[in-house]
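Using this note's numbering, the first residue of the sequence shown is number 153, and each one after it goes up by one. Each residue gets a CB set at the ideal place from its N, CA and C atoms; glycine is no exception.
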Amino acid sequence: MFPAFYPIVDAEIAEEYGWTAADLGKALFDGGASLVQLRCASYSLARFLSCADELVARASRYGAQVIINDRIDIAIMSGADGVHVGQDDLPVHLAKQLLDSRSIVGVSTHTPEQFSAVRLLDVDYAAVGPIYETRTKETGYSAVGLEAIKLACSFGESVPLVAIGGITLENGLDVLAAGATSLAVISDVFTGGDPTQRIRDYVERFSV
């Protein structure tokens with residue numbers, strides 16, 4: 153079953169808060185996260201791979217999984233559990249061909265056309281967003297709101313829907329009520345200054 157909470161370790165944002173990606177990952181796992189995504193947008197290949205290696209090693213001690221953002225090569229070399237691709241990244245069918253058959257493949261969607269197309273793709277989940285305005289990542293798309301989740305659901309329940317963009321502990325219930333399967337959170341894990349406790353709060357509130 154896809155977890156209700158799917159935090160993203162953005163290495164650059166972690167640095168802004170004084171954390172390494174590996175240490176933040178450990179804090180999230182300590183809090184109860186079972187699936188995290190690693191994003192290192194501006195890192196070199198070597199630095200990204202080093203980050204991925206360390207996070208995957210940490211995750212294995214908790215029985216947790218790591219998804220790599222964008223970079224299939226990093227996912228393969230680090231032994232991560234899958235990859236998340238955007239609309240302009242390598243097509244899903246090629247990602248599936250390159251990865252182990254057990255690997256998780258997720259894809260970003262932002263428009264009704266993209267939501268509809270997901271039904272034809274062999275993906276394990278689709279991210280929908282940005283739900284609310286966010287400055288965490290420049291996607292080129294305006295906030296789509298809760299209606300986008302309801303619309304995505306109307307195309308069928310073939311894949312889990314991960315809501316992303318401006319998600320917080322406070323608005324998460326509204327997002328799940330709209331039909332999302334899972335909440336992807338980036339900067340809100342730092343709220344209160346203790347990511348481990350913040351994750352515990354998410355897990356307690358949203359896990360079934």
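Suppose contacts are defined by Cβ-Cβ distances below 8 Å. Is residue i in contact with residue j by that definition?
| i | j | result |
| --- | --- | --- |
| threonine 333 | leucine 313 | yes |
| glycine 170 | valine 355 | no |
| valine 161 | arginine 191 | yes |
| phenylalanine 154 | tyrosine 277 | yes |
| leucine 298 | isoleucine 319 | no |
| glycine 234 | isoleucine 219 | yes |
| proline 159 | valine 327 | no |
| isoleucine 226 | alanine 198 | no |
| leucine 201 | isoleucine 224 | no |
| proline 347 | leucine 176 | yes |
Would you mind sorting residue i into buried or exposed? The rule is 16 or more other CB atoms within 10 Å of its CB.
| i | result |
| --- | --- |
| glutamine 249 | exposed |
| threonine 263 | exposed |
| leucine 246 | exposed |
| alanine 329 | exposed |
| leucine 180 | buried |
| aspartate 222 | buried |
| leucine 207 | buried |
| leucine 325 | exposed |
| alanine 193 | exposed |
| glycine 281 | buried |
| proline 243 | exposed |
| serine 253 | exposed |
| serine 255 | buried |
| serine 260 | buried |
Compute the beta-carbon to beta-carbon distance between residue i and residue j, rounded to the nearest angstrom, for a pair I have assumed lies under 8 Å.
| i | j | result |
| --- | --- | --- |
| isoleucine 351 | alanine 166 | With a Cβ gap of about 14 Å, isoleucine 351 and alanine 166 do not count as contacting. |
| valine 258 | valine 270 | Inspection of the sequence shows that residue 258 is occupied by glycine rather than by valine. 10 Å between Cβ atoms; not a contact. |
| valine 296 | isoleucine 316 | At roughly 10 Å, the Cβ-Cβ gap does not stay under 8 Å, so valine 296 and isoleucine 316 are not in contact. |
| tyrosine 195 | alanine 163 | 6 Å |
Pull the bridge partners of residue i from the DSSP assignment, please.
| i | result |
| --- | --- |
| leucine 335 | Phe157, Ala315 |
| asparagine 221 | His236 |
| arginine 191 | Asp162 |
| serine 268 | DSSP lists no partner for serine 268. |
| alanine 279 | Ser260, Val314 |
Compare the C-alpha of residue i against each of the options and name the closest.
| i | options | result |
| --- | --- | --- |
| glycine 238 | Asp225, Ala279, Ala174 | Ala279 |
| lysine 178 | Ser212, Phe200, Ser196 | Ser212 |
| leucine 273 | Glu285, Thr286, Phe307 | Phe307 |
| glutamine 217 | Ile228, Gln189, Phe267, Asp240 | Gln189 |
| threonine 286 | Cys305, Asp241, Ser255, Val337 | Val337 |
| glycine 331 | Gly345, Ala300, Arg357, Thr172 | Ala300 |
Can you find a CB in chain C that lies within less than 8 Å of the CB of residue i?
| i | result |
| --- | --- |
| tyrosine 284 | The chain labelled as chain C is not found in the depicted structure, where only one protein chain is given. |
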